[in-house]
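Accompanying notes for the structure given below.
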Amino acid sequence: MTINTSRRGFLKSAAAAGAVLVIGVRPDGALAASGSPAMLNPFVQIGSDGSVTAIVKHFEMGQGPSTGLATLIAEEMGLSMDQIGYDFAPSDPQVYNNTLFGPMQGTGGSTAMANSFTQYRQAGAAAREMLLQAAAQSWGTEASALTLQDGVISGAGNSAPLGEFVAAAARLDAPADPPLKDPSEFRLIGKTDVRRLDGEAKGNGTAMFAMDIVRPNQMIAMIARPEQQRATAVSVDASGATDITGFIDAQILPNAAGVAVFAETTWAAMQARNAISVEWDTSNAETRSSSDIEAEIRTALDAEPTYNVNEADVEAVRAAVDGADTVIEETFYFPLLAHAPMEPLNCTIEETAEGVILLHDGCQFPTIPHGAIAEFFGIPFENVQINTVLAGGSFGRRATPQADYQMEAAMAFSLTDRSRPVHLVWSREDDLRSGQYRPAMGHKVRVGLDASGTIVGWEHRIAGQSILKGTPFEAMLVQNGIDFASVEGTFDSPYQIPTASFGLTDTPKATSTLWWRAVGHTHTAYVMEVMMDMAAKAAGIDPVEFRLAYLTGDGADQTRKAGVLRLAAEKANWGNAPEGRSQGIAVHKSFNSYVAEVVEISGTPEDGIRIEKITCAVDCGIPVNPEIIKSQMEGGIGYGIGHNMRDQITLTGGVVDQFNFPDYEPLRISDIGAIEVHIVPSAEAPTGVGEPGTPPAAPALANAIAAASDLRVASLPMDDNGVFFV
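Number 42 in numbering that gives the first Met the number 0 belongs to position 43 of the sequence shown; there are no gaps in the numbering.
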C-alpha cells in the first residue's frame, strides 16, 4: 500500500503496531539498524505484521522514484511489488542527502536513481540478511540454508512469514557490506510488468498532492505581485475588499516584493486580490521588451566572448574555419520559456504546539526551504520540519535556489499571529506572469569543412542569461566565471571534433531565471544537432553516417552515443520513409544518458506540418523500471516538442505578455501521431531518464522540416518563424 500520512504519523503508527526493524545509514554513511524508529532515519522499515515500507528520499512529481527506489528494496528482499509501500523521507540532509549534490537533500538533474541505486539495494540486502539470521537462530540452522521469497522465510524444513522475525532481527547489527543479488537473479529490476506504486492512488483520487492539504482552521493566502519584476510595494489600500465574504486582511510582505491577501477560501482570496489597490515603486523594475533582450544577446554574439570555455586557441580555430573549402554559419535564438506544471505552485505552513514550524509541500529541494525558513524565523534547523507530499509536475520549477514560493508562505505566515495554518496558492496566471523562466539564449556557430566534407574547424559562441550567478549555488557550480548550465552539451559533447572553440558571454537577466527540464541541454542540443545536419548536407553525406564518423574510437561516450544513434535509425527505418514523409534525426548525451530520436513528418511548413511518428532509443544503464523509462521518454519528447513548436514568454516594457494556457499552449495529444521507445539492454550503472528525452526532440523535428523543405528554423518557437503545424 502507498502511505500518504506525515512522517511523524507513520512512525507513530508503525511503533504502535509492535516490533519494528528500520535500516538506513548513519550520517557517516555506514549502514545501521535499529528496533526504534526514533533512533534512526531509515531507507526501509519493516513491521511485525510483515509490512515493508521504502522511505523515499526523492520527491515524486510523476517521474517515478517512489516506484523505482521501492523496486530496489523489494528486489533484494525477494518481495513482490504488492508487498511493499512507500513513504517520503523527512528533511534531513545528513542522512537523506543526494550523494551527487553534496550535503543537500534534493531531486534534480535526473539523479534520483543514479545516486540511490546501490544505497537502496544495500538497505534491502541488509534487511534480508538480518531477517534470515534471526530465523536461523530461531530454528537452530545456518542462514545460508534459508531463503526469503514473497515475504516468507523458508528452508531446513521450516517456513514462516518474515514478520515473525522482525523483533529478533532488530536486536542484530546491520551487516557492513551485505551481498547484493546478481543481475541473473533479478525478478523485478528490468521487468516490464512492474506496476507503479503511486498509480492506483492517483487514479482513484486518494493521492495526496500539495493542493490537497487542508489543515484544521487554515486560511488561504495569495500574493498580489507587480507586473514588472523587481518593483516593490509602497502601500496597500484594502478598502475595496472589505465587503467580500471571507476576506481577512491584506499586508505588504516583509521584503516588499508583494502583498499577502488572506481569506477563508481560495475564491475569496482571488476576489480580494483583484479588489485591493497597491502602490508600486518601479524605479528599479524591469522595463525592457523581448526585442531589446534579443538585440542584446545578438550583439554579444557578434563580439568576442567573455569566457573561453574549453581554453582553445581561438585564433587557430578561426583560421581553420576561414581557410576551409566550405563554411556554414548560423545564428540561433531561444526565447524565455515557462515551466507550466499542471499543479500550480502551493504549500501550507503552520506552527505545532511544540513550537515547530511545519511545511507541507511537494518539496523538490527540502534543504533549501528548510534552512531558509529556520533563518527567517530565527529558530534552530531542527525546529523546522517538512512533510513532503506528491507534486503535480515541476520540470525544475519547484527547485528554486531562493525557495521563492515557500518563503512567500513563511513571510505571509509571519504577518499573522501564527495561530492558524496558512495555505499559499499561486494561480496559473501567477506562475506564467510572475514566475521563473528558462533564460533567453543565443548561439552563433561557424563550421569549416574541407574538400572531402570533413570538419576542420568549429567556432561556437554562446550568449545569454545565467541561471546560477547571483544564487547560493554560484560558489559551488560556477567555475572561472563560467555558468556550466549555459554551455553544457557543447564543449563536452562526445563528438570528436579536435579543432573547436566554445566561448560564453553573460547578458543581463530580464527576469528570474531557473533550470528548466534538461536545463542548458534544451538549447545546446538543438544547436549542435542542427549544425551537424547542416554540415552533413554540405558534405553530401547521410546525416547518420556523418555523425558516426565523429563517434569513432572505443570511448564509452562515443560507443554508447553511436549505439543509440544506430538503434534509432534502424527502428525508424531511416532513409526509407513512406512517400510524402520526411525524417530528421538528433542524438545527445545529457545527465549521463544517451538518447537518439527520429522524427517523421508529413507536409510542408507552408501547408502544414504533421508529426506522424517519433522513434526513440535510450541507453540509461540498467533499466530498473522499463515502463517508467518509456513514459519518461514519451513525456520528455512531448515537453521538448510542444514548447519549441509554439511557446515563448515575451515582455513588453518589462511586463510578461502571456497569461494562461490560451496563449502559452501546452502540447496536445493530437500533436504527435505516435511515439516508439526502445531501451538499450545494459549492465552499466543506471543514469537519468526524467530529462534526457527532451533535448533531441526539437532538433530532430527541425531536421525533418529541413529535409522536407530546406527551411532551417534557427529562431524559436517554430510557429513564429515560418512553420505551420496541423
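A virtual CB, placed ideally from N, CA and C, is assigned to each residue, including glycine. Just so it is clear, the structure is predicted and the values come from calculations on it, not from any experiment.
Helix, strand or coil: how does DSSP classify residue i here?
| i | result |
| --- | --- |
| Gln82 | helix |
| Ile72 | helix |
| Ser714 | strand |
| Gly539 | coil |
| Arg214 | coil |
| Gly239 | helix |
| Val21 | strand |
| His677 | strand |
| Pro182 | helix |
| Asp312 | coil |
| Met440 | strand |
| Glu633 | helix |
| Asn157 | strand |
| Gly721 | coil |
| Ala53 | strand |
| Glu473 | helix |
| Trp515 | coil |
| Arg317 | helix |
| Arg170 | coil |
| Trp266 | helix |
| Ser669 | helix |
| Arg445 | strand |
| Ser708 | helix |
| Ala255 | coil |
| Gln405 | helix |
Round the Cβ separation of residue i and residue j to the nearest angstrom and send it over; I've been treating them as touching at under 8 Å.
| i | j | result |
| --- | --- | --- |
| Arg262 | Ile219 | A small correction: the amino acid at residue 262 is Ala; Arg does not occupy that position in the sequence shown. Indeed they touch by this definition, with Cβ atoms about 5 Å apart. |
| Lys560 | Ala616 | That belief does not hold up - the Cβ atoms of Lys560 and Ala616 are roughly 11 Å apart, past 8 Å. |
| Pro622 | Gly189 | 5 Å |
| Ile648 | Val655 | 6 Å |
| Val676 | Met717 | That pair is no contact at about 23 Å. |
| His522 | Ser589 | Not a contact, Cβ separation roughly 12 Å. |
| Gly584 | Val725 | In the sequence as displayed, the identity of residue 584 is Ile instead of Gly. With a Cβ gap of about 22 Å, Ile584 and Val725 do not count as contacting. |
| Ile627 | Arg195 | 7 Å |
| Ala232 | Val260 | Rounded, the Cβ-Cβ distance is 12 Å, inconsistent with contact. |
| Leu336 | Trp515 | 6 Å |
Buried or exposed, going by whether 16 or more other CB atoms sit within 10 Å of the CB of residue i?
| i | result |
| --- | --- |
| Glu128 | buried |
| Phe364 | buried |
| Ala707 | buried |
| Asp192 | exposed |
| Pro368 | buried |
| Ser485 | buried |
| Val688 | buried |
| Ser290 | exposed |
| Trp266 | exposed |
| Ile668 | exposed |
| Val151 | exposed |
| Val544 | Correcting the residue type first, residue 544 is Glu in the shown sequence and not Val. Burial call: exposed. |
| Gln93 | exposed |
| Phe333 | buried |
| Ser65 | buried |
| Asn702 | buried |
| Arg25 | exposed |
| Asp91 | buried |
| Ser109 | buried |
Taking residue i as part of the alpha helix (DSSP H), name the residues at either end of that continuous run.
| i | result |
| --- | --- |
| His369 | Thr366 to Phe376 |
| Asp291 | Ser289 to Asp301 |
| Arg565 | Ala555 to Lys570 |
| Lys508 | Segment: none, Lys508 is in no alpha helix (DSSP H) and carries neither H nor E. |
| Glu428 | Arg427 to Ser433 |
| Ser137 | Ala111 to Trp138 |
If you follow the beta strand (DSSP E) that residue i is part of, which residue opens it and which one closes it?
| i | result |
| --- | --- |
| Ile608 | Gly607 to Asp618 |
| Asp248 | Phe246 to Ile251 |
| Ala462 | Ile454 to Gly463 |
| Asn345 | Asn345 to Glu350 |
| Lys588 | Arg580 to Ser589 |
### Task
Tell me, please, whether the region 152-168 touches the region 96-107 by the rule of three or more beta-carbon pairs shorter than 8 Å.
no
#### Entry: Contact the region 171-185 vs the region 346-362: 3+ CB pairs below 8 Å
no
### Query
Does the count of Cβ pairs from the region 382-398 and the region 207-216 closer than 8 Å reach three?
Yes: at least three Cβ pairs fall under 8 Å.
### Query
Within the chosen definition, does the region 527-534 reach the region 419-430 through at least 3 CB pairs nearer than 8 Å?
The region 527-534, when compared against the region 419-430, does not touch it at the 8 Å Cβ threshold.
### Message
Contact between the region 462-471 and the region 438-446 is defined here as three or more beta-carbon pairs at a separation below 8 Å; is this criterion met?
### Response
With the rule of 3 Cβ pairs closer than 8 Å, the region 462-471 counts as touching the region 438-446.
### the region 507-515 / the region 298-314 touching (three or more Cβ pairs under 8 Å)
no
### Query
Does the region 51-67 come within contact of the region 81-92, defined as at least 3 CB pairs closer than 8 Å?
yes
### Task
Mind the definition here: the region 537-556 touches the region 58-72 only if three or more C-beta pairs lie below 8 Å; say whether that holds.
Short answer: they don't touch.
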